[in-house]
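Shown next, in structure tokens, is the structure this report addresses.
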Amino acid sequence: MIELELKGISLAYGHKLVVKDLSFRVEPGEVVGLIGPNGSGKSTVIRGLSRVILPASGQIYLGGRDILEISRPELARLLGVVPQIAILPGTFTAFEIVLMGRNPHLGFLRHESAHDIEIAWNAMEMTRTESFARRRVNELSGGEIQRVVIARVLAQEPKSVLLDEPTASLDISHQVDILDLIKGLCHEISLTVVIVLHDLNLATQYCDRLILMKEGRLHAQGTPEEVINAHNIEEVYGAFDCVYPHPDSGIPVVLPKAGGSLKRGRKSRPIDAEAG
Amino acid sequence: MSSYQAGHSSGQYPVIGLPQRRRRIYAIIGLVAALGGVIVFATALGSVRIPFATTTGIILDWLPGLDVASNWQATTETIILSIRLPRVFLAGIVGAALSIAGATYQGLFRNPLADPYLIGVTQGAALGAVIGFTLPFQWEGAGFGLIPLLAFTGALATVFIVYNLARVGKTIPVTTLILAGVALGALCSSVVSYLIITSGEKMHGIVFWLMGSFSLSEWSEVRVVLPYIITGVVIILLYARSLNVMQLDEEQAQQLGVDVEKVKRIMLGAATLITAAAVSFVGTIGFVGIIMPHIVRLIWGPDYRFLLPLSLLSGGIFLILADLVARTALAPMEIPVGVITAICGAPFFLYILRRKRREVFF
Amino acid sequence: MKKKFSYLLATIFFLVLVIGCTPDSVETESQGGVTDQAGRKVELDDVPQRIISLAPSNTEILFALGLSDRIVGVTEYCDYPEEAKEKETIGGYNTVDLEKVVALSPDLILATSIHESEALPALENRGLNVFVLNPTTMDEVLDAIWLVGEITGATEEAESLVADMGARISEVTEKTEDLAQEDRPRVFVITWHDPLMTPGQDTRHGELIRLAGGQNIGQDLSGYADVSLEAVIKANPEVMIAGIGMGSGEDLPAQFMRTEPRLESTDARINDRLYEMDVDLAGRPGPRIVDALEKFARFIHPELFPAT
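In the order they appear, the protein sequences are chains A, B and C. The opening residue of the first sequence carries number 130 in our numbering; numbering runs sequentially from there. The opening residue of the second sequence carries number 163 in our numbering; numbering runs sequentially from there. The opening residue of the third sequence carries number 2 in our numbering; numbering runs sequentially from there.
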């Protein structure tokens, strides 16, 4: 069980600052969703957290340790990442890809043991990808590839998991399935999970806490009810009048409304003009 | 750890991955045996007819520990042991070296067209060698002459320059490396062409050398080349698993714990060392470094832990056979072995072009 | 093998040093050490009976000295005299088939400077005797013939051949030696047409032109050099000579010389002073080089050397 904490993190590509002075904390056993419009810096945060890019300022702590001081192999044992777009080599089989997730746990020994194979296979069963384990990657669809990558991260057995739009290519049944799996695992074995989601409704349903970003900064954080409200949606997304309570659970639901965008050059909301 | 599986796994898993692994191990053993056979076979053939039994007798007698009653002439023994055998060995070593280097480059650059000559090794070696040819003096020392020494220096110097041109801080972006290699390679080639044109009578010798040939191979050359190649091969095989993981993009590989820049540096260095050593003694022999890894991949799959040793073995076998054809097809004239490998290589590439989906073989 | 060599060589070196170095005055024992044209002392245990030649010029010398039945191997390109074509071949000009050579058990191998860097060490490493011939001037060709006579024991034949050749050379040079610059026609020897190449002053052809009483338009060049068409036109050669019989069948340089429109304005074309000669005569530094000289003399000074 390890916590993840960002303190005053700024991330830049070259001179362009994309994430500005971001601070938040993720506890084990809670699914934290990172949401915000395109370009708000969400994927960049994931890359910063996984040490693909180094912070321009600020620190990141994993289990109380500065991640810059953790060796790469050890970091890989603690942190698993499902990237937004994963390029996979076409001639490897799905199983071989998932088995690569065991890499951080293997020393200079050359081969995976039966135990590693068992773990990889189980990861595929969990993500319901075992039926194409022997098929090559270039024969798989985008959604199948995405689930294989998730299986790989599960095979990695990290203590914390970062997922960047893990369900983007999946149809709805798989979306629900995977997110159920992740949320379940998170709660059962106290994983530390940060998940970037584009779909606000999935975010409200599956995340225990949400972090809303706007233009690289933290705009709001809290429970879904606290964060997803008409005011925040309007301010951050420029879309208004689209937050409703879910008929069963009461959790906020976002339904887009035709003509409901502030970006179309209106100075005020039409409803004000209508209301007398 | 297994808490991940608690409640989620069926507790059983099929036999997966293991039959494949076994098949590949058998392939390695098979190829080692084939290599031995090919060595004897190639040594038995040449422009002078020698009975097969005599050849085997001479070879067995030569092996330490064995002793066979000699009923052959001294000249026959000279031909077998001091002309053909070193040549076959050198061809095998160079073929193995170029193949494994080619496979390594293909893995590092994630490009099916990568070959050991991509980043300027050959052109640098050619430049060094041509300078050696045009110098008016000779030099012999430690078993090799001026030309291989200059070729080796030229190769390493060129790659060193390319590497530093491409370096951005601590990283080596792969595309920049290729571009720098192509640019510097072109520069070296133009200087080589100029030197060839102005060299007059020595031109014939230089052009022949550049085409690659195993004629007049000596045991001293084998002794000098072998340590470099063994060193490089061992290093490459040690990092084979990392090379697998690096077939994912660099970000993912890093996230799986691979120190991508370090592995790149080390494997690039090892593969370059191997190629430089091979090219310096033998000239440039094309196609081996690019074809053999593809053939191995098509048959036995892309796992580099097997791809690398299998490329090593099949490359050695291939070049021994190609050299055999080069020296016997039109005996006593010799065809440059690079011509033979090209004859094999061109149809192979056409074949690949016709398989429409690139992803199928890489 | 090599160590034994060096002790013996050291002794002989002393002897030779005392006696002198010019070919005319060295008196060697019948099989003492002979210095080849690469400066190497070569010593044989016996009169060589199995000789291999690695170059057509060397083959011609051996045949001219009457040693044909001692020749066991020649190159693919050795085609003169006719009997040479019947000998066993051991490779091309630059590629020596080592196996074949070893299998033929030669006791003497005649090589050229081309073989020095690679084939020579390979042959010596296997205990074979190699003698290098590398004549660049007419005198050195005569010297080469004399040396072959020495190393093969055919000294009488060599002396008489050299004397003969010397006499024929003198017949030409006594008429041309004292010719003034303005009596020497400008000569363009076309080595190849594309790229256009001509011999410089330090080549065999350059020397032939000079001895035959001509003026080489390429005299400021060195080796077999590229020359621009402009420079040739500007030099306005009075005589053009091309080699024929190169084996490609078409004799392109000769064709070029006769038909290239841009050369129309040269004296050589206007006066039809265009000549062709078998390329091997001047190309091979052997006995036939005197034939080449005589032909050049006839081409360049028909008035002094009427065709017979």
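Using N, Cα and C, we set each Cβ at its ideal position, and we do this for glycine too. Computed from a predicted model, the values in this text were never measured in an experiment.
- In the structure shown, residue 262(A) falls within a coil segment according to DSSP collapsed to helix, strand and coil.
- The beta carbon of residue 174(C) sits closer than 6 Å to those of 212, all from its chain and outside the five residues before and after it, given in chain order.
- With a cut-off of 8 Å on Cβ pairs, the region 200–208 of chain A is in contact with the region 276–292 of chain A, counting three or more such pairs.
- The count of Cβ pairs closer than 8 Å, one atom from the region 324–340 of chain B and one from the region 457–468 of chain B, stays below three, leaving the stretches out of contact.
- Listed along chain B, the residues sitting closer than 7 Å to residue 233(A) by beta-carbon distance are 418 and 419.
- With respect to chain B, the C-beta atom of residue 217(A) has a partner C-beta closer than 8 Å.
- Residue range 133–142 is occupied by the beta strand (DSSP E) that includes residue 136(A).
- The beta-bridge partner set that DSSP reports for residue 190(A) consists of 134(A) and 195(A).
- Boundaries of the alpha helix (DSSP H) harbouring residue 414(B): 412–417, taken from the DSSP string.
- In this structure, 135(C) is the residue among 90(C), 273(C), 135(C) and 102(C) with its C-alpha nearest to the C-alpha of residue 41(C).
- The C-alpha of residue 260(B) lies about 13 Å from the C-alpha of residue 472(B).
- Residue 288(B) is positioned such that its CB atom lies closer than 8 Å to that of residue 446(B).
- Residues of the region 98–115 of chain C that bring their beta carbon within less than 8 Å of a beta carbon in chain B comprise 98, 99, 100, 101, 103, 104, 106 and 115, in sequence order.
- In this structure, the CA atom of residue 92(C) is about 36 Å from the CA atom of residue 168(C).
- Positions of the alpha helix (DSSP H) runs, each at least 4 residues long and wholly inside the region 203–248 of chain A, are given as 223–229 in order along the chain.
- Taking residue 464(B) as reference, the option from 271(A), 385(A) and 223(A) with the minimal CA-CA separation is 223(A).
- Rounded to the nearest whole angstrom, the C-alpha separation of residue 372(B) and residue 290(B) is 11 Å.
- Per DSSP, the unbroken alpha helix (DSSP H) holding residue 325(B) starts and ends at 308–328.
- For residue 374(B), same chain residues with a beta-carbon under 7 Å away, outside a window of 5 residues either side, are 444, 445, 446, 447, 498, 499 and 500 in chain order.
- Taking 8 Å as the cut-off, the beta carbon of residue 301(C) is found no closer than this to the beta carbon of residue 367(B).
- Going by DSSP, residue 113(C) is part of no alpha helix (DSSP H) but of the beta strand (DSSP E) stretching over 109–113.
- Exclusion of the five residues before and after residue 246(B) leaves 205 and 208 as the residues of its chain whose Cβ lies within less than 6 Å of its Cβ.
- Ranked by Cα distance from residue 307(B), the options 85(C), 118(C) and 86(C) are led by 118(C).
- Contact between residue 397(B) and residue 432(B) holds, with the beta-carbon distance rounding to 4 Å and staying under 8 Å.
- Flagged as an interface residue toward chain B: residue 262(A), by a C-beta distance shorter than 8 Å.
- Using a CB distance below 9 Å, no part of the region 157–174 of chain A faces chain B.
- Note on residue 224(B): under 16 other CB atoms within 10 angstroms of its CB, so exposed under the neighbour-count rule.
- Per DSSP, reduced to three states, the secondary structure at residue 381(B) is helical.
- Per DSSP, reduced to three states, the secondary structure at residue 163(C) is helical.
- The region 193–218 of chain C is shown to contain whole alpha helix (DSSP H) runs of 4 or more residues at 205–212, in chain order.
- Taking 8 Å as the cut-off, the beta carbon of residue 329(A) is found closer than this to the beta carbon of residue 357(A).
- Two segments are said to touch when three or more pairs of C-beta atoms, one from each, lie closer than 8 Å; by this definition the region 43–53 of chain C touches the region 92–109 of chain C.
- The region 148–179 of chain A contains, as complete alpha helix (DSSP H) runs of 4+ residues, the segments 171–178 (chain order).
- Secondary structure at residue 295(B): helix, using DSSP grouped into helix, strand and coil.
- Of the candidates 221(C), 259(C), 99(C) and 194(C), the residue whose Cα lies closest to the Cα of residue 204(C) is 221(C).
- For residue 192(C), none of the residues of chain B pass the 8 Å Cβ criterion, the least Cβ distance being about 11 Å.
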